[in-house]
Amino acid sequence: MITFYPGPSKVYPQVADYAQEAIRSGVVSLNHRSAGFMDIVKETLRLLHEKLAIPADYHIAFVSSATECWEIVAQSLTVTTSLHPYGGAFGKKWMEYAHRIKPMILPGEADVLCVVQNETSNGTQVRMDTLAQFRREFSGLIAVDAVSSLGGLVFDWSLADVWFASVQKCLGLPAGLAVLIYSPDALKQAEIIADRQYYNSLLFIHENIAKYQTQFTPNGLGIYLLMRVLQQIPPISKIDALVRSRAANWYELIEKETTWELLIANPELRSDTVIAVQGSEEAIRAVKTAAQNAGITLGNGYGDWKSNTFRIANFPAIEEWEIDTLKRFLRGYLC
Ligand SMILES: *Cc1c(COP(=O)(O)O)cnc(C)c1O
1 MITFYPGPSK
11 VYPQVADYAQ
21 EAIRSGVVSL
31 NHRSAGFMDI
41 VKETLRLLHE
51 KLAIPADYHI
61 AFVSSATECW
71 EIVAQSLTVT
81 TSLHPYGGAF
91 GKKWMEYAHR
101 IKPMILPGEA
111 DVLCVVQNET
121 SNGTQVRMDT
131 LAQFRREFSG
141 LIAVDAVSSL
151 GGLVFDWSLA
161 DVWFASVQKC
171 LGLPAGLAVL
181 IYSPDALKQA
191 EIIADRQYYN
201 SLLFIHENIA
211 KYQTQFTPNG
221 LGIYLLMRVL
231 QQIPPISKID
241 ALVRSRAANW
251 YELIEKETTW
261 ELLIANPELR
271 SDTVIAVQGS
281 EEAIRAVKTA
291 AQNAGITLGN
301 GYGDWKSNTF
311 RIANFPAIEE
321 WEIDTLKRFL
331 RGYLC
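Note that UniProt numbering has the sequence shown beginning at 1, numbered continuously upward.
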């Protein structure tokens, strides 16, 4: 079965071997405070900096999910409240979680701006020039959810203080791990707030990762698989070029060679990593079934767009032959 589901999504095919390797070699049974395990953490952090071109002074830590990152931002980095200029289901969910922890009383008092770079639910993205504008206009910290784009696109990391992603989408790995990236300014803010109330308070996370450790037993298999995948992938600039050219091809194919409509009319807002295609409820149901019968899983719609869209993940782990198979299917399918 070929899958274009935008999360959990297709894993890099090599992950099967890496997982076997991790179990055979005993990596998964290493104590997480042992030298052997700390070496893996250290190398994974080095590779993240190298392959994703993350600035040397930005810190990186491992947590369990992007949802956990939403709470960490609210608990450890937000003084009064946070502002959420959202355009889809994940942005809305983030705001709801954050405001349960730091309720919104006066919007003018917000000291953290929370942006979903790639809104997986409807296939929109916030481009770097928009983020640059936020940076100029907002004086507090900026936190970016990049769950369905980190590992696929080049970012200007300096435009935000916090970036995070769980690994089961654009990074092409099994779920249960997330990468949390934070700037020196974010750390300063955490020190001022001095939250030490929770097991996942950012200061605890930071003190542990400084020793290549984690505050609780981490997903060691996930970290090992991330290390092995990072060793294998090219630098992010190369991946970015591939993802963007594939995205352009997807949009052109949908518009010119099928009778489907794109959910997002404005090309400036369209995501490069998740393509949302719109149709009647009936047509959407039918195409998903027909694709399934042809051995292809399309992504269901999500949230408000659950029944009137299907989604195509454009993540780098997806292979050329799989893309060709779906293209052939869509060209030959009349909706
Ligand atoms: C999937 C997704 C999340 C949630 O990720 P979890 O790993 O399930 O916590 C958050 N934000 C975006 C944009 C997503 O696509």
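Just so you know, even glycine gets a beta-carbon here, dropped at the ideal spot from N, CA and C. All of these numbers come straight from a predicted model, not from anything done at the bench.
- When the Cα atoms are used, A317 and R46 turn out to be separated by approximately 21 angstroms.
- Of the candidates S237, A265, G91 and I296, S237 places its Cα closest to the Cα of V154.
- The beta carbon of C69 sits closer than 7 angstroms to those of V63, F164, A178 and L180, all from its chain and outside the five residues before and after it, given in chain order.
- Beta-bridge pairing by DSSP links F4 to no other residue.
- Taking each of I233, L173 and Y333 in turn and checking the Cα distance to T289, the smallest one comes out for Y333.
- Under the three-state reduction of DSSP output, Q75 falls in the helix class.
- A direct Cα-to-Cα measurement between Y58 and P107 gives close to 28 angstroms.
- G303 has no beta-bridge partner at all, per DSSP.
- In this structure G220 is in contact with L30, their Cβ atoms being roughly 7 angstroms apart against a cut-off of 8 angstroms.
- Cα atoms of V147 and S166: separation of roughly 6 angstroms, rounded to the nearest angstrom.
- Judged by DSSP in its simplified three-state form, Y182 adopts strand.
- Judged by DSSP in its simplified three-state form, C69 adopts helix.
- Classified as exposed, F216 has fewer than 16 neighbouring CB atoms from the shown chains inside 10 Å of its CB.
- At least 8 angstroms separates the beta-carbon of G299 from that of P8.
- T309: member of the beta strand (DSSP E) spanning T309 to A313, first to last residue.
- Inter-residue distance for A248 and K10 is about 21 angstroms (C-alpha atoms, whole angstroms).
- One alpha carbon belongs to M95, the other to A276, and they sit about 23 angstroms apart.
- Under the DSSP assignment, F90 falls in the alpha helix (DSSP H) whose first and last residues are A89 to I101.
- Between H32 and T214, the C-beta gap is smaller than 8 angstroms, which places the two residues in contact.
- The three-state secondary structure of A265, taken from DSSP, is coil.
- Residues of the same chain with a CB within less than 7 angstroms of the CB of E322, apart from the 5 flanking positions on each side, are I2 in chain order.
- Looking at the backbone, the Cα of L113 and that of K102 are separated by about 13 angstroms.
- In the DSSP assignment, W250 falls within the unbroken alpha helix (DSSP H) covering I236 to E257.
- DSSP links T124 through a beta bridge to E119 and R270.
- Cβ-Cβ distances below 8 angstroms link E43 to M227 in the same chain, with the five nearest sequence neighbours on each side left out; the list follows chain order.
- Assigned with DSSP and collapsed to three states, A35 falls in helix.
- In terms of Cβ geometry, I264 and N122 form a close pair [threshold 8 angstroms].
- In the three-state DSSP reduction, Q133 falls in the helix class (H, G or I).
- C-alpha of N308 to C-alpha of E261: approximately 11 angstroms in a straight line.
- One thing to note: A110 has its Cβ no nearer than 8 angstroms to the Cβ of G88.
- If you ignore the 5 residues before and after M104, its C-beta comes within less than 7 angstroms of the C-beta of T81, all in its own chain and listed in chain order.
- The residue among G279, K256 and Q231 with its C-alpha nearest the C-alpha of L52 is Q231.
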